[in-house]
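Asker:
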Amino acid sequence: MGAGIGAGLVALGVGLGIGRIGGSAMEAIGRQPEASGRIQTAMLIVAALIEGLGLFAVVVCLLISFKLQG
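For the sequence shown, this note's numbering begins at 9 and goes up steadily by one.
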């Protein structure tokens with residue numbers, strides 16, 4: 009049960025983090041349109057790192073769940 013709650017919290021955190029990155033990037037592009045390429049590159053890199061961390065956390069939750077069952 010705890011591993012499922014943990015995986016849900018991870019998904020919630022990843023969604024909030026990526027949403028915040030996207031919003032901040034769009035605001036920054038609106039303020040400086042000439043820097044949009046650099047902003048988008050940084051946004052994609054950070055979003056990929058957050059997704060990777062989220063995937064790692066979900067895998068850890070699943071491993072804990074399987075270890076407790078067996």
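Don't be surprised by glycine CBs; every beta carbon is placed ideally from N, CA and C.
#1: Below 8 Å on the Cβ atoms is my guess for residue 18 versus residue 59; work out the distance and round it to an integer in Å.
#2: Hey, how far is the Cα of residue 67 from the Cα of residue 54?
#3: Look at the alpha carbon of residue 41 and the alpha carbon of residue 49, and state the distance between them as a whole number of angstroms.
#4: Suppose contacts are defined by Cβ-Cβ distances below 8 Å. Is residue 47 in contact with residue 33 by that definition?
#5: Nearest-angstrom Cα distance between residue 73 and residue 29?
#6: In the DSSP assignment, the alpha helix (DSSP H) including residue 35 goes from what residue to what residue?
Answerer: Taking the structure as given:
#1: Rounded, the Cβ-Cβ distance is 11 Å, inconsistent with contact.
#2: 20 Å
#3: 14 Å
#4: yes
#5: 31 Å
#6: 10 to 39
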